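Taking it in order: structure first as structure tokens, then the write-up.
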Amino acid sequence: VVGALVILVGAGGESTAGLIGNAARILAERPDVQAQLRRDPALVVRFLEEVLRLESPFRGHYRHVRRDTELGGVPLTAGDHLLLLWAAANRDPSEFDDPDELRLDRRLSTHHVAFGRGLHFCLGAPLARLEARCAIEALVTRTKSFRLDPNESPAWQPSLFVRRHAELRLELT
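For the record, in the sequence shown the residue sitting at position 15 is 291 according to our numbering, with numbers rising by one throughout.
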């Protein structure tokens, strides 16, 4: 039980911090998207799903093969280890038109795997989405504009699995 709680608290903080930070950076780099969200705050939900798809707070996860199988034409043997990379799945052109583009006109889709899938779906995903929505709505409604601090480059947290900024400085107006 203690181990499960440690994972829930740790992963919950990482996913929320990563989502909010990645969303803020993308908005700081895209004043056109900031303007769209200010005109229509209802687009924040769609924007956050696009951020999750393009800049997942986690790069991926390991999985253990439990029985002999095949994946994408590659034979896998029970006991093999896989590193599933979310960016590859989240930019699958058979699932997403213009997969490398942030598109607020995209059909609202939660088919990305930023929070995992099936048995491994993140229990805290609804809370992370809610916290990020509140943070981004506040950022766009309480500022006229914001941008990256021109004197500081966004620093990434060094990690094989986590994709979030260690520090992100913004200039707000």
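Glycine included, each C-beta is placed from N, C-alpha and C at the ideal position.
Nothing here was measured: the structure is a model prediction, and the numbers come from that model.
Start and end of the alpha helix (DSSP H) containing residue i?
i	result
Ala411	Ala401 to Thr417
Ala390	Counting along the chain, Ala390 falls outside any alpha helix (DSSP H), and DSSP gives it neither H nor E.
Ala365	Trp362 to Asn366
Glu326	Leu319 to Leu330
Pro307	Pro307 to Arg315
Have a look at residue i and residue j and give me their C-alpha separation to the nearest angstrom.
i	j	result
Ala293	Pro333	8 Å
Arg423	Leu448	7 Å
Gly392	Val321	19 Å
Leu436	Leu360	12 Å
Arg439	Leu380	22 Å
Pro426	Pro351	49 Å
Ala453	Glu371	This structure gives no information on residue 453, because the portion of the chain shown stretches from 277 to 449.
Asp374	Ala364	14 Å
Ala411	Ile296	7 Å
Arg409	Arg382	18 Å
Arg306	Leu378	10 Å
Glu428	Leu446	9 Å
Identify, in the order they occur along the chain, each residue of the same chain with its Cβ nearer than 7 Å to the Cβ of residue i, setting aside the five sequence neighbours on each side.
i	result
Arg405	Leu324
Ser385	Glu325
Arg418	none
Arg346	Note that residue 346 is Glu in the sequence shown, not Arg. If we look at Glu346 and ignore the five residues flanking it on each side, its Cβ neighbours are Leu352.
Taking the alpha-carbon of residue i as reference, which of the options has the nearest alpha-carbon?
i	options	result
Leu303	Ala363, Ala365, Lys420 and Gln433	Lys420
Trp362	Val327, Arg382, Val350 and Arg306	Val327
Which whole-angstrom value describes the C-beta separation of residue i and residue j, a residue pair presumed to lie in contact below a C-beta threshold of 8 Å?
i	j	result
Ala354	Arg342	6 Å
Leu444	Arg301	6 Å
His388	Arg329	4 Å
Pro317	Glu407	The pair is not a contact, with the Cβ atoms about 16 Å apart (cut-off 8 Å).
Gln310	Leu319	So it is not a contact: roughly 11 Å between Cβ atoms.
For residue i, which residues of its own chain have a beta-carbon under 8 Å away from its beta-carbon, when the five flanking residues on both sides are left out?
i	result
Tyr338	His357, Leu358, Leu359 and Leu360
Trp432	Arg439, Arg440, His441 and Ala442
Starting from residue i, trace the beta strand (DSSP E) both ways and give me its first and last residue.
i	result
Ala442	His441 to Glu443
Pro351	Val350 to Leu352
Gly355	Run containing Gly355: none; DSSP gives neither H nor E here.
Phe422	Phe422 to Leu424
Leaving aside the five residues before and after residue i along the sequence, list all residues of the same chain whose C-beta is less than 6 Å from its C-beta, in chain order.
i	result
Asn298	Val327 and Glu331
Cys398	Phe391 and Gly392
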